[in-house]
Structures are given as structure tokens and as C-alpha cells.
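Protein chains in written order, with the working numbering: chain A, 3 to 109; chain B, 3 to 109.
There are 2 protein chains.
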Amino acid sequence: MKNATDLFFEAFANKNRFDILMRLRDKELCAGELQRNLGIEQTNLSHDLKCLLNCKFINVRKDGRRRVYSINHETKELVDEVTGHIKGYEMYLKKCGILKEEENGRI
Amino acid sequence: MKNATDLFFEAFANKNRFDILMRLRDKELCAGELQRNLGIEQTNLSHDLKCLLNCKFINVRKDGRRRVYSINHETKELVDEVTGHIKGYEMYLKKCGILKEEENGRI
DNA sequence: TTTATATATGATAAAATTTTCATATAATCA
DNA sequence: TGATTATATGAAAATTTTATCATATATAAA
């Protein structure tokens, strides 16, 4: 049985979902705009938006056949705090051998 | 190639590692104490501590054959902010169908 | 100087999460 | 009404992350 902390990190600490939150930081966007901005697969984006909605990290409103998403205020503040921390520790994170870089198989 | 955000979440948004940070919130502890308090396997704990150290989220000092760990101030503040957010959204997190609960196979 | 305790390391196994695939629904337009 | 666009759903495949296993090192005690 997962506790609230596990669930929180599963929702929040995900690349695509956090990217969505960052994009919504400054202005509301519909699904299609998010898809084009972030380059996420439509189907993944939809799953991710639903998750963020369920958790009340974001809100929706309908506009014709579009759905327009916006971030909630408290979540926006948390995004900012996390973003700040990442900036401050970036150099160490990149050197951590436990957080393994992908094999760089590029030619 | 992982970016700083991916690396940050891999380090920070992990059950065992976040538990360690929470335990260190109020006082410094050696590895053995953390192990007993948290019930983490010795070998996992050691991997996790190394990761947190690499990222500079915690510090160590030697004391005889013990190693005593303490949390860094900025990280402690972030832990508090995250903890607050989790409390506020716990009820929604638990109802999110995307964040799937484990099958509860208990008798 | 051998033994015991505390902690660390690296490779693989196991489990969890994320992506993909196939398809559905809902609203608008022709 | 039928076609088209925008978005959602659920199951299975693919990938990533975490845990386990076997073993190493370092300090202290006997």
C-alpha cells in the first residue's frame, strides 16, 4: 500500500508531468499547444494531464472542442522552489555516479 | 542524456532517499541508526547515502568507525516545503486512478 | 595480527514506471 | 448526418529504477 509521499512523487517527479507544470507556469494552454510545445505523444500527454488533474495540481476548462489547462497556485510555487534547488545543485547532480547517465551510443 | 531535472528527481524523489532526508531533518545520525530507524537493507542504505552525498544533499563526518550524516540546510527547507504540499494534497493523490495502488493481496 | 563491527561496492535480479498501440468519445463543421 | 479535429482510455510492450547478492574495505578491539 503506497503512502501519500510515494503517490506524490509518482505524480510530480516525472519528466513529462513536471515539464507540463513548468509550461503552465506562465500561462494556460490547451492540450494541443502543450503537445506541440513539449513534443510528448498525444496519448501520453492525455494520461499525464489526467493524472495532474486528479491530483489537483492543474485545472481545466472547456473552450469549444479544446480543453484549456492551468496550474494551481500552490503547485506553481512548489515548482519554482524545486526549480531553484535544481539550479543550485546541478553541478553535483551531473557528477553523481549513482544517478547513472545513459550509455551514449551516438556516433 | 539526462538533464539536471531528471537527475534531481532520480536522487530526491525516491522513497528510501527521501525517508533518509526526513530522518536527518532534526538530528544527525550514523548509518547504523538510519538502518535501524528506517528498516532499509544495509547495502541499499549505503548506496542511497552515497547518492545523497554526491548530490550534496547531505554531509558526513567520521566518528571512530561510524560515519555520521547530516542534512544540508537548503535541502532541509525543500523537504519541509514538499512535505507541506503532500499534506495538502494527500486526499486527491489517494484517489488518483493513474497513480495505481498495488494489488492488495493480503488475506 | 586475527577477529569483529561498520560501512561500501559492483553486478545482476526483480519490480516498478513509462511508452506504445489500438481504439473510443466528444464537439464542431460541411 | 457524416466527416474531421481534439482529446481520452485501457492493455501490453519496453524501459528504467530499485532491491538483492556476493564480496570488499576500513577501523577498532581482543
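Each residue gets a CB set at the ideal place from its N, CA and C atoms; glycine is no exception.
Give the straight-line distance between the Cα atoms of B:C98 and A:E92, rounded to the nearest whole angstrom. On the second sequence, residue 98 of chain B is found 96 positions in, with the first residue counted as 1. On the first sequence, residue 92 of chain A is found 90 positions in, with the first residue counted as 1. In a straight line, the C-alpha of B:C98 is about 31 Å away from that of A:E92.
Contact set between A:D8 and chain B, taken where Cβ atoms lie within less than 7 Å: Taking the first residue of the first sequence as position 1, residue 8 of chain A is located at position 6. In chain order: K17.
If you follow the beta strand (DSSP E) that A:D65 is part of, which residue opens it and which one closes it? Here residue 65 of chain A refers to the residue found at position 63 when the first sequence is read from its first residue. Taken as a continuous stretch (DSSP letters only), the beta strand (DSSP E) holding A:D65 covers 60-65.
Closer than 8 Å to chain B by CB, A:E43: Numbered from 1 along the first sequence, position 41 holds the residue referred to as residue 43 of chain A. No, A:E43 lies away from the interface with chain B (no Cβ there is under 8 Å from its Cβ).
Taking the alpha-carbon positions, what's the A:F20 to B:D21 distance? Working through the first sequence from its first residue, we reach residue 20 of chain A at position 18. Working through the second sequence from its first residue, we reach residue 21 of chain B at position 19. Using only the alpha carbons, I get a separation of about 22 Å.
Can you give me the start and stop residues for the beta strand (DSSP E) that B:I73 sits inside? By one-based count along the second sequence, residue 73 of chain B stands at place 71. Here the beta strand (DSSP E) through B:I73 covers 68-73.
Sorted by chain position, which residues of the same chain lie with C-beta nearer than 7 Å to B:K96's C-beta, five sequence neighbours on each side aside? Taking the first residue of the second sequence as 1, we reach residue 96 of chain B at position 94. Counting only Cβ-Cβ distances below 7 Å, and skipping sequence neighbours, we find nothing.
What's the call for A:D65, buried or exposed, on a 16-neighbour Cβ count within 10 Å? Numbered from its first residue, the first sequence carries residue 65 of chain A at position 63. Exposed: under 16 other Cβ atoms inside 10 Å.
Three-way DSSP call (helix, strand, coil) for A:L54 in this model: Locating residue 54 of chain A in the first sequence gives position 52, where the first residue counts as 1. In the structure shown, A:L54 sits in a helix (DSSP, three-state: H, G or I).
Chain B residues whose Cβ lies nearer than 8 Å to that of A:L80: Translated into the one-based positions of the first sequence, residue 80 of chain A becomes position 78. Ordered by position in chain B, the residues that pass the 8 Å Cβ test against A:L80 are E83, V84, H87.
Does the beta carbon of A:I109 sit closer than 8 Å to a beta carbon anywhere in chain B? Counting from 1 along the first sequence, the entry for residue 109 of chain A is found at position 107. Residue placement at A:I109 is poorly supported in this model, since its pLDDT is 28, which falls under 50; the coordinates still yield a value, given next. Taking Cβ atoms only, chain B never reaches closer than 8 Å to A:I109, which makes this a no.
Per-residue DSSP class, three states only, for B:L26: On the second sequence, residue 26 of chain B is found 24 positions in, with the first residue counted as 1. The answer is coil: DSSP assigns B:L26 none of H, G, I, E or B.
B:N18 classed as buried or exposed, judged by whether at least 16 other C-beta atoms fall within 10 angstroms: Here residue 18 of chain B refers to the residue found at position 16 of the second sequence. So B:N18 counts as buried.
Is there at least one Cβ from chain A nearer than 8 Å to B:L101's Cβ? As a first step, residue 101 of chain B is located in the second sequence; it is residue number 99 there, counting from the start. Yes - at least one Cβ of chain A is within 8 Å of the one on B:L101.
Taking Cβ positions only, does A:L95 come closer than 8 Å to chain B? Stepping through the first sequence from its first residue, residue 95 of chain A is reached at position 93. So, interface residue.
Counting C-beta neighbours from all protein chains within 10 Å, is the total for B:I109 16 or more, i.e. buried, or is it exposed? To locate residue 109 of chain B, count along the second sequence from 1; it is residue 107. With a pLDDT of 28 at B:I109, under the threshold of 50, the predicted position of this residue should be treated as unreliable, and no value is reported.
Of the residues A:M3, A:F10, A:K4, which one's Cα is nearest the Cα of A:K58? In the first sequence, residue 58 of chain A corresponds to position 56, counting from 1. Closest option to A:K58, Cα to Cα, is A:F10.
Looking at chain B, is there any beta carbon in it that lies within less than 8 Å of the beta carbon of A:H75? Within the first sequence, residue 75 of chain A is the residue found at index 73, counting from 1. No - not a single Cβ of chain B is within 8 Å of the one on A:H75.
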